[in-house]
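Novice:
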Amino acid sequence: MKLRHLLSAAAFFAASLPAAVPTPESYFGHPIGADRTVMDWDKVVGYFNLLAKSSNRIRVEELGKTAEGRPFIAATIADPLTLRHLDRYIAIQGRLADPRKTTPAEAEPLFSEGKTVILLTCSIHATEIASTHTAVEYAYRLLTEDTPHNRAILRDDILILVPSLNPDGVDIVTQWYRKTLGTPYEGSNPPWLYHKYVGHDNNRDWYIFSQPETRLTISRLHNVWHPQIVYDVHQMGGNAARLFVPPWLDPSEPNIDPILMQEMNMMGTAMAAAETAAGKTGIAIHGVYDFWTPSRHYQAFHAGLRLLTESASARIASPATLSADQIARTALGYDPRERSWNYLEPWLGGTWHLRDIIDYQEIAWDACLYNAAIHRDELLRNFYKVGQRQIARSDPWGFVIPANQRDPGATRKMLETLRFGQVEIGRGADGSAVIPMQQPYSGWAKALLERQAYPNDRLYPGGPPKRPYDVTANTLPLLMGVETHAVSQPVAFSGVWEPGPPAAGPLLPAADTDSWIAVNKAWAAGHSVWRDPSTGDFSLAAREGWKDVKRPRLALYQSWTANMDEGWTRWLLEQFGFAYTTVHNKDIQTSSLREKYDVLIVPDQAVASLENGMRNLPEEYTGGLGPQGADALKAFAEAGGTLVFLNNASEYAIAHLGLAARTVTPRAGRGGEEAGGERPTSGSSEFYSPGSLLNAHIDTRSPLAYGVPADIAIWSEQSPAWDTQLPAVARYPDSGVLASGWLVGERVIAGKAALIDAPVGRGRAILFGMRPQYRAQSYLTFKMFFNALIE
Ligand SMILES: [Zn+2]
């Protein structure tokens with residue numbers, strides 16, 4: 036009896052005693068960050084699961100699946116005692132996050148008891164591969180090192196580590212890297228997006244939440260944990276600073292609490308100091324990155340700091356060697372060749388390895404976590420204080436969204452999106468939605484509902500416009516076509532606003548976003564659909580004088596130049612149930628297009644890029660449409676097909692279809708990417724619309740305008756405008772063009788055409804001088820895009 040007890044106790048201990056924590060090198064079979072080594076996602080997941088089995092300082096959870104179905108994981112790392120009571124710490128965070136529920140007296144002991152919660156996220160941009168490697172190695176260190184420094188981190192912090200925000204991309208880039216290793220294309224970027232739909236724009240999704248990875252991160256981590264710090268790890272081009280750390284450049288979004296801005300400055304400079312103390316050079320602060328658009332960050336509107344580091348890139352996992360004269364001559368905010376207060380020790384060339392990136396990142400991570408630990412008390416107090424200041428907001432009192440809208444589907448979508456970001460929405464007596472500002476995330480709601488006044492920011496006094504890091508406008512009511520009012524006086528409301536059901540029944544108004552989904556569903560099920568020739572409204576039953584509309588056979592052009600606009604278009608078509616076929620250069624050049632398709636869509640892309648494509652890639656991915664493609668597109672339209680050109684691709688139509696339109700705006704290429712080399716520091720002084728909402732008049736007699744009112748705002752991103760006698764469905768007004776964001780050179784486009792419907796032979800070319808399907812947001816102009824596909 037006794038012996039059996041002893042035996043079972045021994046077995047119990049044997050089973051529960053953690054095995055030795057496996058080193059990354061023993062598991063992956065090579066030193067982490069060795070030249071030309073990359074990691075498969077299933078191996079990364081396997082390693083984290085192994086860590087969870089062998090240490091009581093870590094928990095690993097699968098939060099859900101990615102766009103392509105891979106596991107999306109997060110690791111929670113803290114002292115074992117903390118890990119045993121995570122529910123308690125989640126409760127503390129929730130209480131401090133909402134000062135309406137927690138008095139200052141109640142908050143006081145929570146400041147002592149709570150921990151600093153840090154969400155650290157890696158490799159959202161998959162070619163920026165280092166941080167997933169750093170995650171593996173740094174997790175191992177946190178679990179195994181026993182130093183006073185490490186103990187402070189484990190005692191006072193809770194680290195939530197996401198080894199990749201884009202696991203699909205880890206494999207996309209790893210597979211491409213292996214395929215090209217040892218060839219002339221070693222270290223190149225893949226010729227397709229590194230996220231199924233949105234590529235690099237996966238980091239522009241943090242207020243519309245369109246992709247599964249974004250939604251999992253917000254709903255399962257941010258909204259549960261309310262982290263005090265969110266640190267997102269990136270890489271940039273390789274020919275200037277080795278590492279960027281905040282402070283940020285101007286401008287900063289005015290609804291972000293200044294306490295958070297100051298704390299970002301504090302944490303950033305502490306991380307920079309740690310790098311310098313460790314002997315690392317090339318550390319830039321206060322450069323390149325501004326803090327304007329909420330599309331890149333969620334937490335600064337949710338009482339948390341956003342930290343960002345951008346490391347110089349190698350060539351994926353291959354080293355890059357730079358001579359002194361290859362160092363960039365310009366960068367925003369600092370001179371890469373000169374010593375200055377915010378770039379004290381310039382890096383002036385040498386060989387740069389993946390391992391170097393990891394070394395710098397580990398120092399930055401460690402400094403972040405250590406400072407989070409030693410400043411725990413004030414970070415928690417200020418977190419609570421930011422919430423107090425949010426709920427004290429009184430100007431405006433709030434926003435009212437009337438119940439009776441042109442587009443009930445888009446209205447529901449807008450309100451659900453706000454609610455996903457933890458905005459509380461009440462119900463007015465007349466069924467309107469009421470959003471009072473006296474709530475913890477009122478600044479978030481305000482930023483998304485108001486018009487942006489971007490400063491007239493110049494590179495130097497009298498100089499050209501300084502390039503914003505991303506776009507300048509994010510006004511959801513304009514993008515989605517939802518009537519919204521700011522109110523200065525309190526409005527009575529009760530309970531919680533709840534969405535009504537989507538439109539149902541035989542009559543489907545063209546103005547309602549939901550109608551388009553219903554129409555596509557009907558087509559997919561083999562039913563007929565009729566359309567009112569005067570209003571464009573749909574009916575699922577035959578009606579006198581209405582037109583029987585057929586499901587269009589759609590082709591979507593995909594270039595071998597990875598194109599985010601193509602990805603967003605694909606995403607949109609799938610969301611609304613449009614069937615389509617992806618076509619490449621060869622398909623266009625060699626097949627009889629008109630026999631197969633009714634409509635061919637060419638997404639936003641610069642003309643030269645459409646014509647010539649890429650050069651330094653394996654042969655099957657080089658070249659563009661070429662003369663043969665241009666002839667084929669023209670023949671397609673002449674034979675009755677519809678060509679739809681988006682934004683800058685419209686210039687291709689003017690060049691190759693002989694359309695009688697003169698472009699009045701300067702020709703623009705697409706903006707650079709972080710890891711894609713040098714970005715321009717300025718825009719054209721003559722005309723500049725770097726992601727802005729502009730007012731336009733619509734010719735509502737045109738079938739392209741079915742369901743759209745006469746005055747709308749359109750998304751302009753250095754978009755072309757035209758002087759033309761061709762039928763113009765949208766025109767800019769003669770004055771007062773800017774609706775939200777920033778516009779330089781209004782007179783260039785005033786009165787000019789922004790949407791052309793041009794006959795070509797028996798078919799037509801539709802030129803959108805805008806992005807009508809902008810980043811899953813522009814519900815108002817989605818309808819003009821959809822009309823182009825089926826009319
Ligand atoms: Zn990046």
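Per my numbering, the sequence shown starts with residue 36, numbered consecutively. Note that the Cβ used here is the ideal one computed from N, Cα and C, for glycine as well.
1) Assign residue 587 to buried or exposed, taking buried as 16 or more other Cβ atoms, counted over all protein chains shown, within 10 Å of its Cβ.
2) With respect to 7 Å, is the separation between the Cβ of residue 238 and the closest non-hydrogen atom of ligand 1 below this value?
3) Three or more beta-carbon pairs under 8 Å between the stretch 501-521 and the stretch 325-333, yes or no?
4) Using 7 Å as the cut-off, classify the Cβ of residue 246 as near or not near the heavy atoms of ligand 1, replying yes or no.
5) Report yes or no: do three or more beta-carbon pairs, one from the stretch 740-753 and one from the stretch 796-814, lie closer than 8 Å?
6) For residue 526 and residue 463, what's the separation of their Cα atoms in angstroms?
7) Quick check: is any heavy atom of ligand 1 less than 7 Å from the C-beta of residue 270?
8) Suppose contacts are defined by Cβ-Cβ distances below 8 Å. Is residue 109 in contact with residue 196 by that definition?
9) I'd like to know if the stretch 799-806 and the stretch 541-549 are in contact, where contact means that at least 3 CB-CB pairs between them fall below 8 Å.
10) Applying the 10 Å Cβ sphere with the 16-neighbour rule, what's the burial state of residue 576?
11) For the stretch 430-500, list the alpha helix (DSSP H) runs that are entirely contained and at least 4 residues long, ordered along the chain.
12) With DSSP as the reference, identify every bridge partner of residue 265, one or two as the case may be.
13) Give me the residue from 668, 152, 77 and 102 with the minimum Cα distance to residue 126.
14) Take residue 363 and list the residues in its own chain whose beta-carbon comes closer than 7 Å to its own, dropping the five residues that flank it on each side.
15) If residue 242 and residue 456 are in contact, beta carbons under 8 Å, what's the gap, nearest whole angstrom?
16) Tell me whether residue 168, by its Cβ, gets closer than 7 Å to a heavy atom of ligand 1.
17) If I measure Cβ to Cβ from residue 207 and keep anything under 7 Å in the same chain, skipping five residues before and after, which residues do I get?
18) If you compare alpha carbons, which of 566, 589 and 571 is closest to residue 581?
19) Given that a residue counts as buried once 16 or more other Cβ atoms are within 10 Å of its Cβ, and exposed if not, what is residue 826?
20) Skipping 5 residues on each side, what residues in its chain have a beta carbon closer than 7 Å to that of residue 164?
21) Which of helix, strand or coil does DSSP assign to residue 709?
22) Span of the beta strand (DSSP E) holding residue 592?
23) Give every residue of the same chain whose Cβ lies closer than 7 Å to the Cβ of residue 115, excluding the five residues on either side of it in the sequence, and list them in chain order.
24) Can you check the stretch 653-717 for any beta strand (DSSP E) of at least 3 residues that lies completely inside it and give the ranges in chain order?
25) Ligand 1 and residue 332: does any heavy atom of the ligand fall closer than 7 Å to the residue's C-beta?
26) Could you say which of 697, 411, 512 and 549 lies nearest to residue 784 if we only look at CA atoms?
27) Pick helix, strand or coil for residue 376, following the three-state DSSP scheme.
28) How long is the line joining the alpha carbons of residue 661 and residue 647, rounded to whole angstroms?
29) Should residue 128 be labelled buried (16 or more other beta-carbon atoms within 10 Å of its own) or exposed?
30) Run through DSSP, which three-state label would residue 426 get?
31) Under the three-state reduction of DSSP, which class applies to residue 385: helix, strand or coil?
32) Do the stretch 788-795 and the stretch 549-568 make contact, defined as three or more Cβ pairs closer than 8 Å?
33) Could you pull out every unbroken alpha helix (DSSP H) segment of at least 4 residues lying fully inside the stretch 135-209, listed in chain order?
34) Taking buried to mean at least 16 other C-beta atoms within 10 Å of its own C-beta, is residue 745 buried or exposed?
35) Could you check the C-alpha separation between residue 667 and residue 628 for me, to the nearest Å?
36) Return the CA-CA distance between residue 815 and residue 239, expressed in angstroms with no decimal places.
Specialist: With the structure as the only source:
1) buried
2) yes
3) yes
4) no
5) yes
6) 8 Å
7) yes
8) yes
9) no
10) exposed
11) 443-455 and 477-484
12) 154 and 341
13) 152
14) 274, 275, 371 and 713
15) 7 Å
16) no
17) 161, 225 and 229
18) 566
19) buried
20) 73, 158, 208, 351 and 352
21) The pLDDT assigned to residue 709 is 37, lower than 50, so where the model puts this residue is not dependable, and the model offers no usable value.
22) 589-592
23) 91 and 92
24) 677-681 and 696-698
25) no
26) 697
27) coil
28) 6 Å
29) buried
30) helix
31) strand
32) no
33) 139-148, 165-179 and 183-191
34) exposed
35) 8 Å
36) 19 Å
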